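**Q** Everything in the sequence shown is counted per my numbering, starting at 6 for the first residue and increasing by one.
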Amino acid sequence: MKSLLIHGGHIIDPSQGIDEIGSLLITKGKISWLSRGEATPPQPDYDVLHAQGLIVCPGFVDLHCHLRQPGFEEKETIATGTKAAAKGGFTTICCMANTNPPLDNQTTVDYVKSIAATEGVVRILPIGCISRGGKGQELVPMWELASAGVIAYSDDGEPASNSRLMRQALDYSRTFDLPIIDHCEDKALTEGGQMNEGIISTRLGLRGIPAAAEEIIVARDLALAELTEGRLHIAHVSTDGSVDLIRRAKEKGIKVTAEVTPHHLTLTEEKVIGYNTNAKVNPPLRTKRDIQALIQGLKENVIDIIATDHAPHTETDKLCEFALAPSGISGFETALGSLMSLVHDGQLSLVALIAKLTYEPSKIIGNKYGKLGTLDIGASADITIFDPDLEWIVDTKDFASKGKNTPLAGSRLKGKVIATISQGRLVYKDDSVKVKREGKTLKESQRGAKPLLHN
Ligand code: DOR
């Protein structure tokens, strides 16, 4: 494969503190050279991707998504899910275990890895169940799953309700240095719940899910993490109170990390008005006050990362009365555009946003799969190129994901992925960008330089 020069973009790589105009070269799937400012690469022959006016950053790393294969291929497959991920700028995605059969043994994990190798266009790192069948009763063979290559354990979709099981999982996972990811939900409190509990749920006549249903389990998990010294990761934090609990736990030195989704950071419970089943998600969309606390949590590193919780469902699944609809939002393809609203509104810096999508999640995964979330020399060439100011309208007909279930359909977003490179391969480019072959060297291709892709 010929080398590729990404030329003249605004490089932002929080792992190395880079935030300036520069160029980088990809050779044999790795980052082989990076220069801040103007410089000519050390070798003469390469294709050029002009990135003037665009942000060039490490490929996004998503610690939490649902690819649905095996078992729910009508909702998503590894092929469609990874295409959607690439379109959203994600080059490493960690898939949850609530498939059918669930990822609770080596065979199912091997299955996902083999389909990922043949049909996936970005790197997939599987997450194994905490309990057999994800049923919350009996611990999985943790060593078997760790040897199969899972990067964490989670029964996501369901909480680890049994405190004894959660304690054991946290205890044993220390041997493998892998986190236990919990979906924090007190099922007795959420039974029949459809949306955030408050005035809007009362007006709509929908049973509410109180913030306490999340916070009770967050508090329990933090106590168990302290007891066991195991690594706890809290999935999709949605409430002000959870942020406070995690803040205090971190101050005490408890080993906890936490994530927040783009939808919990940008949308409120008001999206449910009109009984829009595409706004039904678990945990539910909350209030403006929760959003402010979540953003503050991100800024203070109380919340470590942003993860999509991409949860595709079919149109038929969602075309029903609110109470019968499954929870979940298809999130890969709108993640950057919706998150950029926080940057455009001055609530989060662009560097912080990129850190939460790249370097920070890579720290949770560790280095077993090589250096991720970085543009460091020698690292896998996983690169996202985006236009921070390009406005576009969400049209779910254009989604690569089978899941069209987003409350953002028809919304105008500002910020769009233009190209995604995964392990040195161009796996996505925006159709509006013309591909043109020019000269072979930087000097030739600089003539009439325009932000064009060519290979
Ligand atoms: O809304 C959700 N959907 N939350 C979850 O935790 C699971 C997910 C799914 O699997 O559809």
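Virtual Cβ for every residue (Gly too), placed ideally from N, Cα, C.
Quick caveat: nothing in here was measured; it's all calculated off a predicted structure.
Starting from the Cα of E25, find the closest Cα among R41, K35 and H241 and give me that residue.
**A** In the sequence shown, residue 25 corresponds to position 20, counting from 1. The shortest C-alpha separation from E25 is found at R41.
**Q** Within the chosen definition, does the stretch 11-31 reach the stretch 47-56 through at least 3 CB pairs nearer than 8 Å?
**A** Counting Cβ pairs under 8 Å, three or more are found: they touch.
**Q** Less than 6 Å between C-beta atoms, sequence neighbours within five positions excluded: which residues of the same chain meet that for K276?
**A** For this step, residue 276 is matched to residue 271 along the sequence shown. Once the five neighbours on either side are set aside, the close Cβ partners of K276 are A284, L290 and P412.
**Q** Which first and last residues belong to the beta strand (DSSP E) in which P4 is found?
**A** Because the chain in this structure spans residues 6 to 460, residue 4 falls outside the shown range and cannot be described.
**Q** Note down the Cα distance separating G408 from Q48, rounded to an integer number of angstroms.
**A** Along the sequence shown, read from residue 1 onward, the residue named residue 408 stands at position 403. Along the sequence shown, read from residue 1 onward, the residue named residue 48 stands at position 43. Using only the alpha carbons, I get a separation of about 44 Å.
**Q** Rounded to the nearest angstrom, what separates E143 and L170 at their Cα positions?
**A** Counting from one through the sequence shown, the residue named residue 143 turns up at place 138. Counting from one through the sequence shown, the residue named residue 170 turns up at place 165. Spanning the two alpha carbons is a distance of roughly 7 Å.
**Q** Work out the CA separation of C62 and I390 for me, nearest whole Å.
**A** For this step, residue 390 is matched to residue 385 along the sequence shown. For this step, residue 62 is matched to residue 57 along the sequence shown. Answer to the nearest angstrom: the Cα atoms are 6 Å apart.
**Q** Tell me whether the beta-carbon of I98 lies closer than 8 Å to the beta-carbon of I129.
**A** For this step, residue 98 is matched to residue 93 along the sequence shown. For this step, residue 129 is matched to residue 124 along the sequence shown. The answer is yes: Cβ separation under 8 Å.
**Q** What is the DSSP secondary structure of V126, reduced to helix, strand or coil?
**A** The residue you call residue 126 lines up with position 121 of the sequence shown. Here V126 sits in coil by DSSP.
**Q** Distance, Cα to Cα, G27 vs W38?
**A** For the purposes of this step, residue 27 is identified with residue 22 of the sequence shown, where counting begins at 1. For the purposes of this step, residue 38 is identified with residue 33 of the sequence shown, where counting begins at 1. Their backbone Cα atoms lie some 11 Å apart in a straight line.
**Q** What's the C-alpha gap between G378 and A384?
**A** Numbered from its first residue, the sequence shown carries residue 378 at position 373. Numbered from its first residue, the sequence shown carries residue 384 at position 379. Rounded to the nearest angstrom, the two C-alpha atoms are 9 Å apart.
**Q** Report the rounded CA-to-CA distance for E220 versus W148, giving the unit in angstroms.
**A** Indexing the sequence shown from 1 puts residue 220 at position 215. Indexing the sequence shown from 1 puts residue 148 at position 143. Between E220 and W148, the C-alpha separation is close to 30 Å.
**Q** Have a look at the DSSP bridge pairing and note the partners of E149.
**A** Residue mapping note: residue 149 aligns to position 144 of the sequence shown, counting from 1. DSSP, once it has assigned bridges, lists no residue as partnering E149.
**Q** Does DSSP classify G138 as helix, strand or coil?
**A** Looking up residue 138 in the sequence shown gives position 133. The answer is helix: DSSP assigns G138 an H, G or I state.
**Q** Measuring from the CB of G198, is there a heavy atom of the ligand ADP at a distance below 7 Å?
**A** Only the ligand DOR can be found as ligands here, which leaves the ligand ADP out of the picture.
**Q** If you draw a straight line from the alpha carbon of M85 to that of D400, how long is it in whole angstroms?
**A** For the purposes of this step, residue 85 is identified with residue 80 of the sequence shown, where counting begins at 1. For the purposes of this step, residue 400 is identified with residue 395 of the sequence shown, where counting begins at 1. The displayed chain sequence assigns Thr, not Met, to residue 85. Whole-angstrom Cα-Cα distance: 17 Å.
**Q** Per DSSP, what kind of secondary structure is L303 in: helix, strand or coil?
**A** Counted from its first residue, the sequence shown places residue 303 at position 298. If DSSP states are grouped into helix, strand and coil, L303 belongs with the helices.
**Q** I'd like to confirm the pairing. Which residues does DSSP put opposite I239 in its beta bridges?
**A** In the sequence shown, residue 239 corresponds to position 234, counting from 1. According to DSSP, I239 bridges with D187 and A263.
**Q** Give the straight-line distance between the Cα atoms of E163 and Q21, rounded to the nearest whole angstrom.
**A** Residue 163 sits at position 158 when you count from the first residue of the sequence shown. Residue 21 sits at position 16 when you count from the first residue of the sequence shown. Rounded to whole angstroms, E163 to Q21 spans 37 Å at the Cα level.
**Q** Would the beta-carbon of I316 be found less than 7 Å away from any heavy atom of the ligand DOR?
**A** In the sequence shown, residue 316 corresponds to position 311, counting from 1. The question names Ile, but residue 316 in the sequence shown is Ala. Under cutoff, so the answer is yes.
**Q** Can you tell me whether DSSP reads P63 as helix, strand or coil?
**A** The sequence position of residue 63 within the sequence shown is 58, counting from 1. Of the three classes helix, strand and coil, the one that applies to P63 here is strand, per DSSP.
**Q** Going along the chain, which residues of its own chain have a beta-carbon closer than 6 Å to the beta-carbon of E365, five neighbours each way excluded?
**A** As a position in the sequence shown, residue 365 is number 360, starting the count at 1. Closer than 6 Å at Cβ, skipping near neighbours: D309 and I310.
**Q** Is the beta carbon of D109 less than 8 Å from the beta carbon of G76?
**A** Translated into the one-based positions of the sequence shown, residue 109 becomes position 104. Translated into the one-based positions of the sequence shown, residue 76 becomes position 71. Going by C-beta atoms, D109 is not nearer than 8 Å to G76.
**Q** For the alpha helix (DSSP H) holding Y177, just list the boundary residues, first then last.
**A** Within the sequence shown, the letter at position 172 stands for residue 177. Run containing Y177: S168 to F181, per the alpha helix (DSSP H) assignment.
**Q** Could you check the C-alpha separation between K80 and H71 for me, to the nearest Å?
**A** As a first step, residue 80 must be located in the sequence shown, where it is residue number 75. As a first step, residue 71 must be located in the sequence shown, where it is residue number 66. If I take the Cα positions, the gap works out to 10 Å.
**Q** Is any heavy atom in the ligand DOR found nearer than 7 Å to the beta carbon of S406?
**A** To locate residue 406, count along the sequence shown from 1; it is residue 401. No, the Cβ of S406 stays beyond 7 Å of every heavy atom of the ligand DOR.
**Q** DSSP puts I23 in a beta bridge; with which residues?
**A** By 1-based counting over the sequence shown, the position of residue 23 is 18. Answer is D18, bridged to I23.
**Q** Any chance the CB of G166 is under 7 Å from a heavy atom of the ligand DOR?
**A** Along the sequence shown, read from residue 1 onward, the residue named residue 166 stands at position 161. The displayed chain sequence assigns Ser, not Gly, to residue 166. Because no heavy atom of the ligand DOR lies under 7 Å away, the Cβ of S166 does not count as near it: no.
**Q** How is A424 classed by DSSP in three states: helix, strand or coil?
**A** Within the sequence shown, the letter at position 419 stands for residue 424. Note: A424 maps to strand in three-state DSSP.
**Q** Please determine, among V286, G279 and R253, the residue with the shortest C-alpha to C-alpha distance to H269.
**A** Looking up residue 269 in the sequence shown gives position 264. When each option's Cα is compared against that of H269, the closest is V286.
**Q** Using the three-state DSSP reduction, which class does F95 fall into: helix, strand or coil?
**A** On the sequence shown, position 90 is the one that residue 95 refers to. Three-state result, F95: strand.
**Q** Measuring CB to CB, does D467 end up less than 8 Å from L237?
**A** With the chain covering 6 to 460 only, the question about residue 467 has no answer from this structure.
**Q** Kindly indicate which residue of I60, A153, T87 and K434 has the alpha-carbon position closest to the one of S335.
**A** For this step, residue 335 is matched to residue 330 along the sequence shown. The candidate whose alpha carbon is nearest that of S335 is T87.
**Q** Quick one: is K33 buried, meaning 16 or more other Cβ sit within 10 Å of its Cβ, or exposed?
**A** Stepping through the sequence shown from its first residue, residue 33 is reached at position 28. It is exposed - the Cβ of K33 has fewer than 16 other Cβ atoms within 10 Å.
**Q** Is G162 near the ligand DOR, with its Cβ less than 7 Å from a heavy atom?
**A** The residue you call residue 162 lines up with position 157 of the sequence shown. Yes; taking the cut-off as 7 Å, the Cβ of G162 has a heavy atom of the ligand DOR nearer than that.
**Q** With a Cβ-Cβ cutoff of 8 Å, do A230 and V261 count as a contact?
**A** Position 225 of the sequence shown, counting from 1, holds the residue named residue 230. Position 256 of the sequence shown, counting from 1, holds the residue named residue 261. Result yes, Cβ atoms of A230 and V261 sit closer than 8 Å.
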